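Visitor: Numbering (our numbering), first residue to last: 1488 to 1670.
Beta carbons: idealized from backbone N, C-alpha and C, even for Gly.
These figures come from a predicted structure and were not determined experimentally.
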Amino acid sequence: KVITALVVVVDHPISQIEPGAQVTVTHDDVSNYARESTDGQSVVPVQLGEALTERQLLEGMLIPSGNNFADILARWDAGSTDAFIAKMNSHAAALGMKQSHFADASGYSEQTVGTPTELVLAGEALMEVPVLAQIVQQQQVDLPVAGTTFNVDYALGSQGIVGIKTGSAPKAGACFLFAALAT
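1. Which value, in whole angstroms, describes the spacing of the CA atoms of K1585 and N1555?
2. Out of curiosity, what's the CA-to-CA distance linking D1498 and T1491?
3. Taking the alpha-carbon of Q1627 as reference, which of G1650, L1613, L1608 has the nearest alpha-carbon?
4. Taking Cβ positions, are S1529 and S1655 nearer each other than 9 Å?
5. Based on Cα-Cα distance, which residue from R1562, L1549, L1664 lies nearest to G1601?
6. On the DSSP letters alone, give me the boundaries of the beta strand (DSSP E) that T1653 sits inside.
7. List in chain order: all unbroken alpha helix (DSSP H) runs of 4+ residues lying wholly within the region 1554–1616.
8. Is the CB-CB distance between P1532 and V1632 below 9 Å?
9. The alpha helix (DSSP H) with D1526 in it runs from where to where?
10. If you drop the 5 nearest sequence neighbours on each side, which residues of the same chain put their C-beta closer than 8 Å to that of V1517?
11. Where do the N-terminal and C-terminal ends of the alpha helix (DSSP H) with A1492 fall, by residue?
12. Give the single residue among P1657, L1643, K1658 whose Cα lies nearest to the Cα of L1668.
13. Is Q1509 helix, strand or coil when you go by DSSP?
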C-alpha cells in the first residue's frame, strides 16, 4: 500500500489541504469489497455511487488498511489493476527496490514480495511526501459510508512513532513499517 500511495500521488499530486479528485464507487468496487470481505481481507465498507476523494481513498487505504481502497485507487489511476501494477513495479525499481515485486495494489497477494531493507526505502520515500506523511500520522479518519475508522497502527504516538503502515497476509505474516522521531 505504501508503493500504491506513492504512485497515486506522483500521478495525481495533492497538497496537505487538498482533497483531490472525486472517484465514484462502481458496481465492480462493491463486488470487490464483498469478495475481499468474505476472503477475510482488511476492507473498508463502500456503497454503489458513493463519492470519495483521492485523499479519502488514501486515508482509507493507509489508516484502517482497506485493501479494496487500494484496488479502487489502482483502477482510477491507471484504468486497470494490471496497468497500475506495472507502474508500481517501475516505481519500486526507481527507488532501488530490486528484489521486490508487486502482483496487486494492496500487498495481499502471495505473489507480492519484498525485503525489509527495500520496504524501508519505500517508507522513507512515503515520509518525504508531505500529504502522505500527514495521513499516516492520523489516529482516525471519518469516511462517508464507513464512518469513523481507526488506524490499525496501535503503536502510533508511542515511543516517538509517527506512522507508517502495518500489514499482514496469511502466508507472509505480519509486517510493521514505521517512522519515529529521534530524540
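Guide: This is what the structure gives:
1. For K1585 and N1555, the distance between alpha carbons rounds to 27 Å.
2. Straight-line Cα distance between these residues: approximately 11 Å.
3. Nearest of G1650, L1613, L1608 to Q1627, Cα basis: G1650.
4. In contact: S1529 and S1655 (Cβ atoms closer than 9 Å).
5. Nearest option by C-alpha distance: L1664.
6. 1648–1656 is the extent of the beta strand (DSSP E) around T1653.
7. The region 1554–1616 contains these whole alpha helix (DSSP H) runs: 1554–1565, 1568–1581, 1603–1614.
8. Yes.
9. Taken as a continuous stretch (DSSP letters only), D1526 belongs to no alpha helix (DSSP H), as it is neither H nor E.
10. V1533, Q1534, L1535.
11. According to the DSSP assignment, A1492 belongs to the alpha helix (DSSP H) that extends over 1489–1498.
12. Measuring from the Cα of L1668, the nearest candidate turns out to be L1643.
13. Residue state, collapsed to three classes: strand.
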